[in-house]
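Here the structure comes first, spelled out in structure tokens, and everything after it is commentary.
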Amino acid sequence: MKKSEMPLMGFTLIEIIIALIIVGILAIIALPGYGRVTERSRQAEAISILSVMRGAQLRYSADNGTYTSSLTDLDIELPDNNNNGIRGDGKFFDYTLPLSPGDTDLARAARNNASRTAGISGYTLKVDRNGNILCTTAGAGDCVDIPSS
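Position 99 of the sequence shown, counted from 1, bears residue number 387 in our numbering, the numbering being contiguous throughout.
What follows is the structure, encoded as structure tokens:
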């Protein structure tokens, strides 16, 4: 009696190599988009904090007749993620109140060096008295598109 031979099952080396090449190409296409999405979520957090800072500035102005340039004067708690005692020292953005004569910005969020997305750096988000958000760059910085509210 003859043994029946089972057919060989599995993938050939060529099939595995082709599958790896396809996965590599898909990863190359997807990763830059992932970086932009990640940066947009960080930016959305900064915009939310800027809106809270704007509200605090408006309340301070209603009580005192002027805006403040000191974070400690505001009735809000800002992040100190580096535990260095500096309010407004966030994980991804550093928050300030840059008030000088003629300055229309109520609050600013400058992107810091933490977990920077490749190709996106050196930008500052600003909120004015009307709640408009503006992104400015310093040197070779790059702004991510600000989501419409």
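The beta carbon of each residue, even a glycine, is placed where N, CA and C say it ideally should be.
Starting from the N-terminal side, write out each stretch of the alpha helix (DSSP H) that is 4 residues or longer and does not extend beyond the stretch 295–352. 301–352
Other residues of its chain near Cys431: CB distance less than 7 Å, five sequence neighbours each side excluded: Tyr411, Cys423 and Thr425
Per DSSP, cross-strand counterpart(s) of Gln387: For the sequence presented, residue 387 should be read as Leu rather than Gln. Note: Leu387 sits in no beta bridge, so no partner.
Tell me which same chain residues have a C-beta within less than 6 Å of the C-beta of Val415, skipping the five on either side of it? Leu338, Arg342, Leu394, Ala395 and Ile421
Need the endpoints of the beta strand (DSSP E) that Cys431 sits in, please. It is not in any beta strand (DSSP E) - Cys431 carries neither H nor E in the DSSP assignment.
Quick one: using the 10 Å Cβ neighbour count with 16 as the cut-off for buried, is Glu327 buried or exposed? buried
Three-state secondary structure (DSSP) at Thr392? coil
Which residues in the same chain have their Cβ closer than 7 Å to the Cβ of Thr392, if we skip the five residues on either side of it in sequence? Asp416 and Arg417
Within a Cβ cutoff of 7 Å, which residues of the same chain sit near Ser437, ignoring the five residues on either side of it in sequence? Low local confidence applies: a pLDDT of 49 at Ser437 is under 50, so the model's placement there is unreliable, and no value is given.
Candidates Asp351, Gly353 and Ile335, of which the one nearest Ala397 by Cα: Ile335
Near Gln345, which residues of its chain fall below 6 Å by C-beta distance, leaving aside the five closest residues on each side in sequence? Tyr355 and Leu394
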